[in-house]
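Chains as they are written, first to last, in my numbering: chain H, 2 to 593; chain Z, 10 to 299.
Encoded as structure tokens, the structure appears first; notes follow it.
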């Protein structure tokens, strides 16, 4: 019987030691190091070790956690049939009504409320592509309602998939990407250093559009003069005529460059005037968009005036690739994106019809470039250049390959933790554990002498078991800051089980003479107490796990593991050691 | 052999009537504080942005940082020292991260929108209530309903006391505090169950004894264990409070209060309520059977 006990006790200890060794290896040798110099083989090996070791939460190893929210208003607008896409006026008023409805409804009631408040026939016209001929006319709106609700769900799933593909292109390990509710996507990437890059890769819609530039500034300047507040900002807008910068009011009828210039510090002021006036007649089918800070004229940002009409959209391109110009090229070493058109004829026609004009390539409402169309372009190939860094070009490639998101997304919540803060927290947690353990050690030895030592041993073993359990890839638990607190606390509480047993032994010593009787009685009675008290705690941990969210869940796992392990170490292991001691020392009396 | 209590009999039952007033007054203090001071909600529950900044040579004090933010006309709602050389700034509304991180060494940026914060609040409350319900059921099955009501009351008592002190010392309510509540529930329940378990045993063993005597005996028998476990747990939570760094300060403060209150409530709240209910209803139920 005693051998069997030792078999279980030693077996589990050895398994735990094996289980904990990758964790020790990973955190002492690889954690937080720069991997860029390692070979692929080495990287795979490290990944393997990492999979088998304890996963730290974002708060401890740094990284980014975001909850993204699909813009349902934008989604509804994007779902409108193509034939209405250029009816900018109608769409604008529809959009502002949708915004109102959305602000007053939940995501569940949104579609129903639209049908309650907007003319159903117009809606049927907007979305007629979704309605098959076979549907009876008076059933159409009910049917459409159902279809649109379904669309919201499928679009959420497809957005999640698109974002997953983009993140995968970054080559990060084990990102967590999942949908939540009916309009949210949760993303968690741990251990990532360049969080701002990740964020822009995720957040950008990936909307690629080709639009024509309006370069007749004379007409523009006349029309815009009626815009409220324009007189105040027009002095910040300049036009380059080849020699000097001219003020916008003195605009020539055509310019050499497809864009105007705004001094960087006034960009916000200019933006404000335009966005505040987006109902202004002339801005219904035209728009202004920003380019990038100018390379040649430092301190200026490019401002474009474009047709709203989309000549060609991202859905009509294929094979986007990030490439580097060869050394002998005049753009030597620069990165660009090459792409092909699904239907080269369309691009050929556009270029043929608009010779001499500028064609802007717009990605997510920022003009990347706007070359002049000198001649008809056949062959169906194009390049986007624009001083991209390698990462920028690679990210644009990833975004274009993954495709356009069905709607804009906003960040509902974001947690971004720097690795340095995480390692501070780890150090603090470590220090608290050591000090707590040390004080309990001293106290228990002073109070229970040899038995105190036994309890201390059980406590350390308990800690080993918990970490081994949590490191197990099957359990896949994540240790976060409250989790450390939970772990330290279960260690403290694990002592409790031993205290209950030892106090029992003291009591039983006055009732029985035989030492074996004392031990057996004490453990049996104490077991019932410990079971009841621990099971209730386990129940609360279980409900935390099932109904809590995020960090609370991880905490619940740690707590449950702690309780289960402590019952084993405090009852089984200590009893095994006591029984062995009694058997081999043949003692008749114990002091406690 | 050291013992805190050597065969000494404390008459706990006679102290119950005084303990009542202590608990009442603390809870009344809590209610007053709740209405006049109000809890400080963290961004988890209220929404907003929290930015943690590591001080460096450019901005080496909290005051310099505040002056800098003002000069950039960035409006913040709260700024305070956080851990050793970190500063925490709170913003009520959304804030542009690029603007902030331009000249400041931001080590953590946490933005929580209002939809998320209401989700978190709801989830937390749901988890707490279900936990309490299941615990109550378990105690009814393993013990009796007097004990169940007594222990659940003790848990509410502990949470109220912890909330009172959190409000009093202006600690923030966030997801960590919910975790603390659950640990406290676990701890306090553990304490109560150990005592109730002893009573269950003693009622069976000394069937002729008065209930109040049995309670006194059980409390005395378990008192050593109660004290030792409190001490070891307090070692842990105080070490967490002192060395755990800024982000664990609120949690560990709640735990210190919770361990003290949990120890107290298992003797002076759950036991008296259980005794009162048993005295009142146990006899009636038995008479009915006859």
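For glycine and all other residues, C-beta sits at the position ideal for the given N, C-alpha and C.
- In the structure shown, residue 59/Z falls within a strand segment according to DSSP collapsed to helix, strand and coil.
- Residue 66/H sits in a strand when the DSSP states are folded into three classes.
- DSSP lists 96/Z as the bridge partner or partners of residue 90/Z.
- For residue 170/H, the enclosing alpha helix (DSSP H) stretches over residues 141 to 171.
- In chain H, no part has a C-beta under 8 Å from the C-beta of residue 170/Z; the shortest such distance is about 18 Å.
- Residue 221/H is classed as buried because its beta carbon has at least 16 other beta carbons within 10 Å across all chains shown.
- Residue 359/H carries a strand assignment under DSSP once its states are collapsed to helix, strand and coil.
- The beta carbon of residue 62/Z sits no closer than 7 Å to any beta carbon of chain H.
- Beta-carbon to beta-carbon, residue 225/Z and residue 40/Z are separated by about 32 Å, too far to satisfy the 8 Å threshold.
- DSSP links residue 373/H through a beta bridge to 359/H.
- Between residue 203/Z and chain H, the shortest Cβ-Cβ separation is below 7 Å.
- When the Cα atoms are used, residue 285/Z and residue 211/Z turn out to be separated by approximately 18 Å.
- Straight-line spacing of the CA atoms in residue 213/Z and residue 527/H works out to 16 Å.
- Excluding its 5 nearest sequence neighbours in each direction, residue 68/H has C-beta neighbours in its own chain below 6 Å: 185, 187, 413, 414, listed in chain order.
- Residues of the stretch 393 to 418 of chain H whose Cβ lies closer than 9 Å to any Cβ of chain Z, in chain order: 411, 412, 413, 414, 415, 416, 417, 418.
- Residue 198/Z has a beta carbon lying within less than 7 Å of a beta carbon in chain H.
- Taking CB atoms only, residue 432/H has a neighbour in chain Z less than 7 Å away.
- The C-beta separation of residue 500/H from residue 276/Z comes to about 16 Å, leaving the pair out of contact by the 8 Å criterion.
- Chain order gives the chain Z residues near residue 487/H as 188, 192, where near means a beta carbon separation below 8 Å.
- In its chain, beyond the 5 residues on either side, 241 have a beta carbon closer than 6 Å to the beta carbon of residue 258/H.
- When Cβ-Cβ separations below 7 Å define contact, residue 74/Z makes no contact with chain H.
- Counting only residues of its own chain and dropping the five nearest sequence neighbours on each side, residue 307/H has a CB closer than 8 Å to the CB of 212, 213, 214, 215, 287, 288, 289, 290, 361, 363, 368.
- Boundaries around residue 22/Z are those of the alpha helix (DSSP H), 21 to 45, since no beta strand (DSSP E) includes it.
- Residue 132/H and residue 144/H have their C-alpha atoms roughly 8 Å apart.
- Residues of chain Z whose Cβ lies closer than 8 Å to the Cβ of residue 529/H are, in chain order, 206.
- Taking the CA atoms as reference points, residue 164/Z sits about 23 Å from residue 567/H.
- The three-state reading of DSSP puts residue 201/Z in helix, counting H, G and I together.
- Within chain H, no residue has its beta carbon less than 8 Å from that of residue 153/Z; the closest one is some 13 Å off.
- Under the DSSP assignment, residue 271/Z falls in the alpha helix (DSSP H) whose first and last residues are 258 to 277.
- Between residue 461/H and residue 453/H, the gap from beta carbon to beta carbon reaches 7 Å or more.
- Annotation: the continuous beta strand (DSSP E) that includes residue 307/H extends over 301 to 308.
- At least one beta carbon of chain H lies nearer than 7 Å to the beta carbon of residue 245/Z.
- Within the same chain, 249, 250 come within 7 Å of residue 235/H by CB-CB distance, once the 5 residues on both sides are set aside.
- Ranking 146/H, 55/H, 338/H by CA distance to the CA of residue 124/H puts 146/H first.
- At a cut-off of 7 Å between C-beta atoms, residue 504/H counts as an interface residue with respect to chain Z.
- Cβ proximity to chain Z below 9 Å picks out 181, 182 from the stretch 159 to 182 of chain H.
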